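The structure under discussion appears below in the form of structure tokens.
Chains as they are written, first to last, in my numbering: chain W, 1 to 97; chain A, 101 to 197.
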């Protein structure tokens with residue numbers, strides 16, 4: 001299995017509406033990209049100080065399936081329209097499990 | 101469920117032995133901390149440029165169980181002895197799923 005992990009921080013001027021739209025749009029992707037085996041997305045729960053603002057954990061059967069997701073036009077559209085406009089920083093890794 | 105997510109980058113002088121020790125030591129924790137429901141740890145798979153070096157995804161039934169893990173002496177010992185000496189940067193979030 002490949003587990004894809006991304007953490008974001010948002011710009012200070014990101015609105016609640018813009019933040020909520022990221023979740024709403026990402027949650028459409030499992031219905032559009034059948035290679036997604038499991039998909040956990042959402043805002044940080046606010047337990048600890050100094051955290052990133054947002055996390056995505058996506059599981060795939062193999063690297064090829066992850067690449068389908070990474071490069072999928074509807075995923076790229078969410079990135080371009082909803083993530084990049086409020087993105088301050090990004091941290092990512094993929095684990096082979 | 102609470103999903104705890106951490107990404108690390110290592111210092112340039114971190115040795116292969118030091119990096120491997122992080123995985124070996126973290127993988128002992130599920131046997132010591134029964135609150136850990138699922139635990140995925142490991143080095144980045146090298147698929148993409150610019151990634152962080154290491155990832156941890158830990159699942160718990162609730163926030164209290166996560167706090168037991170976060171503050172557990174044997175977890176703190178792995179952080180102090182094996183992670184902090186080679187740590188360059190850290191990004192984290194907790195999701196309420």
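Backbone N, C-alpha and C fix where the C-beta goes; we use that ideal spot for every residue, glycine too.
Please read these numbers as outputs of a predicted model, since none were measured by experiment.
Residues near residue i in its chain [Cβ-Cβ closer than 8 Å; skip 5 each side]
{"i": "residue 151/A", "result": "144"}
{"i": "residue 61/W", "result": "1, 2, 35, 37"}
Interface partners of residue i on chain A, CB under 8 Å
{"i": "residue 5/W", "result": "105, 107, 155, 157"}
Neighbouring residues, chain W, relative to residue i (Cβ below 9 Å)
{"i": "residue 102/A", "result": "45, 47"}
{"i": "residue 168/A", "result": "Residues of chain W passing the Cβ test: none, with the nearest at roughly 13 Å."}
Nonlocal neighbours in the same chain, by C-beta distance under 6 Å from residue i, ignoring five residues either side
{"i": "residue 139/A", "result": "130, 158"}
{"i": "residue 168/A", "result": "135"}
{"i": "residue 186/A", "result": "110, 111, 114, 118"}
{"i": "residue 6/W", "result": "56, 92"}
Between the CA atoms of residue j and residue i - distance to the nearest angstrom
{"i": "residue 141/A", "j": "residue 27/W", "result": "25 Å"}
{"i": "residue 146/A", "j": "residue 171/A", "result": "31 Å"}
{"i": "residue 194/A", "j": "residue 154/A", "result": "17 Å"}
{"i": "residue 80/W", "j": "residue 132/A", "result": "43 Å"}
{"i": "residue 73/W", "j": "residue 23/W", "result": "17 Å"}
CB of residue i within 8 Å of CB of residue j, strictly
{"i": "residue 165/A", "j": "residue 135/A", "result": "yes"}
{"i": "residue 21/W", "j": "residue 75/W", "result": "no"}
{"i": "residue 90/W", "j": "residue 8/W", "result": "yes"}
{"i": "residue 178/A", "j": "residue 125/A", "result": "yes"}
Cβ neighbours of residue i in the same chain (closer than 7 Å, five flanking residues each side left out)
{"i": "residue 196/A", "result": "102"}
{"i": "residue 88/W", "result": "9, 10, 11"}
Per-residue contacts from residue i into chain A (C-beta, under 9 Å)
{"i": "residue 76/W", "result": "Per Cβ cutoff of 9 Å: no residues; residue 76/W is ~14 Å from chain A at best."}
Listed by chain order, chain A residues near residue i by CB distance under 7 Å
{"i": "residue 91/W", "result": "107, 152, 191"}
### Task
Let me know the beta strand (DSSP E) ranges lying completely inside the segment 104-150 of chain A, each 3 residues or longer, listed in chain order.
List check, beta strand (DSSP E) in window: 138-143.
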